[in-house]
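Everything below concerns the one structure shown next.
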């Protein structure tokens with residue numbers, strides 16, 4: 001993690017029934033500087049936003065989003081997924097500076 | 111001489127408190143009660159509350175060694191969930207070494223400079239807010255419990271006087287909005303009662319974390335007054351008064367506000 005990319009908070013159940021639809025929520029600390037705001041010296045602060053989010057289950061993309069400057073700071077995304085098997089979920093964010101953040105979580109089926 | 115001055119301050123304070131209607135204890139409402147259901151839900155869900163990101167930073171700062179002493183907060187205090195339980199609810203408190211009341215962030219910085227031999231965090235810095243939020247989180251749900259300490263009385267009286275003092279080009283006091291007209295609207299915004307029980311907060315308007323002093327400065331520029339600098343004695347006095355005014359209300363730290 002580098003630059004403006006901060007900590008992530010991810011919420012999903014640790015276990016789910018096979019075939020169940022679960023809700024996944026992911027939030028990351030990021031100022032989402034729009035590029036339109038002057039800083040304290042009156043100069044425009046360069047744009048630096050998280051522009052891409054992806055969620056992969058065992059390497060297969062289950063959700064992705066392109067983000068734009070209208071998104072608030074600390075973007076919070078909520079989406080659903082059907083759980084057919086246990087495995088590892090990877091969450092990836094990329095910002096304008098090229099910084100990447102990745103978090104991993106496991107989910108088990110019962 | 112100073113006793114005479116203290117008496118005058120007390121007289122002014124009690125005269126001022128007669129001039130406006132204080133919020134009755136059983137009529138008090140947290141700022142959260144004035145928010146939309148969506149914003150309340152954001153505060154109540156730890157996975158949706160953006161202030162929780164700051165508490166995660168605070169948690170790692172707690173165990174980070176700093177300064178010439180190479181000590182972390184945890185080296186002296188132990189794990190925060192035990193040692194800091196209820197601590198934030200008691201602040202501002204009288205600091206014997208400084209012979210003055212300190213708010214929680216002031217105490218964090220006193221520990222930094224005196225114990226860790228490190229440089230104090232800058233006011234409103236991400237680290238200071240993160241540690242304050244993390245310590246505050248350990249008191250969540252507990253009642254605001256200002257210490258029953260006679261050494262805080264002058265500060266509280268001064269804070270109450272400031273609360274009722276008209277300031278700025280708009281010539282408003284804090285009390286005129288927050289005691290006399292809470293629940294009504296100022297433009298489109300609902301006027302809350304101004305309780306300090308959720309600070310530091312994540313304010314949606316700021317898109318970030320901020321302290322009670324930042325909020326004071328917002329209100330002061332709102333009434334077009336010259337805001338005091340961060341750490342000013344006036345702010346500490348107001349904080350001491352407000353914690354007394356909110357005594358018994360549950361701590362919500364880290365709160366979300368619109």
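Protein chains in written order, with the numbering used here: chain A, 1 to 110; chain B, 111 to 368. All C-beta atoms, glycine included, are put in the ideal place defined by N, C-alpha and C.
Q) Taking the alpha-carbon positions, what's the residue 262/B to residue 344/B distance? A) Taking the straight line from one Cα to the other gives about 13 Å.
Q | Outcome for residue 186/B when other beta-carbon atoms lying within 10 angstroms are tallied against a minimum of 16 | A | Exposed, since its Cβ has fewer than 16 Cβ neighbours within 10 Å.
(Q) In whole angstroms, give me the CA-to-CA distance for residue 64/A and residue 91/A. (A) 10 Å
Q: Output the distance between the C-alpha atoms of residue 147/B and residue 366/B, rounded to the nearest integer angstrom.
A: 12 Å
Q: Could you tell me whether the Cβ atoms of residue 3/A and residue 28/A are closer together than 8 Å?
A: no
Q: Return helix, strand or coil for residue 207/B, following the three-state DSSP convention.
A: coil
Q | Helix, strand or coil at residue 144/B according to DSSP, with G and I counted as helix | A | helix
Q. Taking Cβ to Cβ, would you say residue 9/A is nearer than 8 Å to residue 157/B?
A. yes
Q) What are the uninterrupted segments assigned as alpha helix (DSSP H) that are 4 or more residues long and contained completely in the segment 207-238 of chain B, given in chain order? A) 214-224
Q) Who are the neighbours of residue 76/A on chain B, taking C-beta pairs under 7 Å? A) 158
Q. Is the beta carbon of residue 323/B sitting closer than 8 Å to the one on residue 340/B?
A. yes
Q. Rounded to a whole number of angstroms, what is the C-alpha to C-alpha distance between residue 39/A and residue 73/A?
A. 16 Å
Q. Which residues, in chain order, does the segment 159-176 of chain B contribute to contact with chain A at a C-beta distance below 7 Å?
A. 160, 162, 163, 166 and 167
Q. Chain B beta carbons: is any one of them nearer than 8 Å to that of residue 9/A?
A. yes
Q) Relative to chain B, which residues along the segment 33-51 of chain A have a C-beta separation below 8 Å, given in chain order? A) none
Q: In the DSSP assignment, find the beta strand (DSSP E) that holds residue 161/B and state where it starts and stops.
A: That residue, residue 161/B, is in no beta strand (DSSP E); its alpha helix (DSSP H) goes 161-172.
Q. Count the other CB atoms within 10 Å of the CB of residue 320/B; is the residue buried (16 or more) or exposed (fewer)?
A. buried
Q: State the start and end residues of the unbroken alpha helix (DSSP H) segment that holds residue 332/B.
A: 322-332
Q | Pairwise C-alpha distance: residue 55/A and residue 23/A | A | Cα-Cα distance, rounded: 13 Å.
Q: Let me know if residue 70/A comes out buried or exposed under the rule of 16 or more other beta-carbons within 10 Å of its beta-carbon.
A: So residue 70/A ends up on the exposed side.
Q) Any Cβ of chain A within less than 8 Å of the Cβ of residue 111/B? A) Any reading at residue 111/B must be qualified, since the residue scores a pLDDT of 44, below 50, and its modelled position is unreliable; the value itself is stated next. Chain A, which has no Cβ nearer than 8 Å to the Cβ of residue 111/B, makes this no.
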